[in-house]
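J.: Could you have a look at this structure, given as structure tokens, before my questions?
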Amino acid sequence: NAIETWKTLDRSLLYMSDLESGLHYLLRVELASHKTLEGAELKTFKDFTILIAKLFPGRQPVVKLLETLQEWLVSLPLDKIPYNAILDLVNNKMRISGMFLSNRIQWVGCQGSRQQLRGYPCSLWTLFHTLTVQAAIRPEALRNTGFEDNPRVVLQIMRRYIQHFFGCRECAQHFEEMAEESMDSVKTVDEAILWLWKKHNAVNKRLAGAPSEDPEFPKVQWPTPDFCPACHKSIKGLHTWNEDEVLKFLKRHYSTENISYKYTV
Ligand code: FAD
Numbered sequence: 245n246a247i248e249t250w251k252t253l254d255r256s257l258l259y260m261s262d263l264e265s266g267l268h269y270l271l272r273v274e275l276a277s278h279k280t281l282e283g284a285e286l287k288t289f290k291d292f293t294i295l296i297a298k299l300f301p302g303r304q305p306v307v308k309l310l311e312t313l314q315e316w317l318v319s320l321p322l323d324k325i326p327y328n329a330i331l332d333l334v335n336n337k338m339r340i341s342g343m344f345l346s347n348r349i350q351w352v353g354c355q356g357s358r359q360q361l362r363g364y365p366c367s368l369w370t371l372f373h374t375l376t377v378q379a380a381i382r383p384e385a386l387r388n389t390g391f392e393d394n395p396r397v398v399l400q401i402m403r404r405y406i407q408h409f410f411g412c413r414e415c416a417q418h419f420e421e422m423a424e425e426s427m428d429s430v431k432t433v434d435e436a437i438l439w440l441w442k443k444h445n446a447v448n449k450r451l452a453g454a455p456s457e458d459p460e461f462p463k464v465q466w467p468t469p470d471f472c473p474a475c476h477k478s479i480k481g482l483h484t485w486n487e488d489e490v491l492k493f494l495k496r497h498y499s500t501e502n503i504s505y506k507y508t509v
């Protein structure tokens with residue numbers, strides 16, 4: 245299958261189209277392999293839904309859908325939920341006005357130069373970086389959720405989501421090892437942003453040159469000096485990161501203000 249027309253992109257922006265396509269894939273494709281949700285899976289999905297309902301920096305119809313999904317999950321007294329009931333809600337079979345999530349996949353910042361490259365895993369990283377930043381800059385959004393006093397909550401829910409649902413099992417295994425090693429040391433919401441950045445760079449390092457690498461998007465230690473010169477410094481000729489600057493950069497890059505709506509449908 246030839247790739248559809250290449251979409252022009254600005255690598256310094258976030259694209260809502262990637263975030264929405266990622267949510268579509270997560271809710272309508274990845275979750276669909278679980279015919280019923282119960283136990284730890286159900287708890288993880290509920291917590292994940294609370295997180296995105298509160299923190300997803302999205303358009304009104306999408307946020308309304310996430311809020312409705314969250315309220316519905318919380319209100320259900322069942323300890324088992326068939327996936328099809330979730331799908332009906334996501335597809336808005338109830339015709340609740342003003343709620344909608346497109347089912348078209350439109351990767352922009354996450355488009356690959358060939359099919360099978362980039363796409364969903366790229367959007368999942370993007371989603372979770374965005375959520376760690378939103379949790380730090382809008383802490384009031386988590387009020388009354390039970391999550392408000394936990395600076396690690398986004399990372400913990402990401403960890404459980406990856407463990408229970410992420411289709412790439414080898415990735416989940418690797419991520420679990422990193423989480424086990426050091427996630428507990430995170431003490432503030434800013435440290436949570438930096439933890440995820442560091443671990444993502446560790447993954448980039450491991451995957452550089454691997455067959456899954458898109459030659460148009462080589463795995464680099466990110467952000468590169470051309471994106472953020474101040475993030476880099478050299479001590480006695482050795483490269484190190486200026487983490488204060490990295491934090492500022494991440495808070496800017498993954499902020500609502502940096503989102504482009506180009507190519508959203
Ligand atoms: P991605 O690595 O997906 O990055 C997406 C975008 O995030 C980049 O374009 C860039 O804008 C930004 N970015 C890059 N680095 C950082 C950073 N350090 N901090 C913040 N933002 C950054 N694949 C495997 O083959 N093996 C694995 O073990 C594996 N583990 C994974 C674990 C997780 C939790 C996830 C979500 C994915 C994993 N993947 C793994 C997939 C892999 O990491 C990439 O997502 C995939 O190869 C697509 O790469 P990409 O070029 O789109 O960039």
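In this text, residue positions in the sequence shown follow mature numbering (1 follows the signal peptide of the UniProt record, and there is no 0): the first is 245, and each later residue adds one.
All C-beta atoms, glycine included, are put in the ideal place defined by N, C-alpha and C.
Computed from a predicted model, the values in this text were never measured in an experiment.
1) Which residues share a DSSP beta bridge with Ile479?
2) Identify every residue that forms a DSSP beta bridge with Glu311.
3) Distance check for Asp428 and Arg404, CA to CA, integer angstroms please.
4) Where does Thr432 fall in DSSP's three states?
5) In whole angstroms, give me the CA-to-CA distance for Ile330 and Leu320.
6) Could you pull out every residue in the same chain whose Cβ sits closer than 8 Å to the Cβ of Lys324, ignoring the five residues on either side in sequence?
7) To which residues does DSSP link Leu281 through a beta bridge?
8) Given this structure, state the Cα-to-Cα distance separating Ala452 from Glu264, to the nearest angstrom.
9) Between Tyr327, Lys251, Thr249, which has its C-alpha nearest Ile273's C-alpha?
10) What do you get for Ile437, buried or exposed, if any count of 16 or more other CB atoms within 10 angstroms of its CB means buried?
11) At the level of alpha carbons, what is the spacing between Ala246 and Gly363?
12) Does Arg339 pass the burial test, meaning 16 or more other C-beta atoms within 10 Å, or should it be called exposed?
13) Round the Cβ separation of His497 and Leu440 to the nearest angstrom and send it over; I've been treating them as touching at under 8 Å.
T.: In terms of the structure at hand:
1) Position 235 of the sequence shown, counted from the first residue, corresponds to residue 479. Ile479 is bridged to Leu482.
2) Residue mapping note: residue 311 aligns to position 67 of the sequence shown, counting from 1. Beta-bridge pairing links Glu311 to no other residue.
3) Position 160 of the sequence shown, counted from the start, is the residue given in the question as residue 404. Position 184 of the sequence shown, counted from the start, is the residue given in the question as residue 428. Going from the Cα of Arg404 to the Cα of Asp428 covers about 14 Å.
4) Translated into the one-based positions of the sequence shown, residue 432 becomes position 188. Looking at Thr432 - three-state DSSP - the assignment turns out to be coil, as it is neither helix nor strand.
5) Reading the sequence shown from its first residue, position 86 is the one you call residue 330. Reading the sequence shown from its first residue, position 76 is the one you call residue 320. Taking the straight line joining both Cα atoms gives about 12 Å.
6) The count along the sequence shown starts at 1 and reaches residue 324 at position 80. Cβ within range, chain order: Thr280, Leu281, Glu282, Leu286.
7) For the purposes of this step, residue 281 is taken as residue 37 along the sequence shown, with counting starting at 1. Looking at the DSSP assignment, Leu281 forms a beta bridge with Ile325.
8) Start at 1 with the first residue of the sequence shown, and residue 452 comes out as number 208. Start at 1 with the first residue of the sequence shown, and residue 264 comes out as number 20. Answer to the nearest angstrom: the Cα atoms are 27 Å apart.
9) Counting from one through the sequence shown, the residue named residue 273 turns up at place 29. A small correction: the amino acid at residue 273 is Val; Ile does not occupy that position in the sequence shown. For the residues Tyr327, Lys251, Thr249, the minimum Cα distance to Val273 belongs to Tyr327.
10) For the purposes of this step, residue 437 is identified with residue 193 of the sequence shown, where counting begins at 1. It is buried - the Cβ of Ile437 has at least 16 other Cβ atoms within 10 Å.
11) As a working mapping, residue 246 is identified with position 2 in the sequence shown. As a working mapping, residue 363 is identified with position 119 in the sequence shown. Below a pLDDT of 50, predicted positions are generally treated as unreliable, and Ala246, at 48, falls in that range; no measurement from the model is reported.
12) In the sequence shown, residue 339 corresponds to position 95, counting from 1. Exposed.
13) Taking the sequence shown and counting its residues from 1, one reaches residue 497 at position 253. Taking the sequence shown and counting its residues from 1, one reaches residue 440 at position 196. Incorrect: roughly 13 Å between the Cβ atoms, too far for contact.
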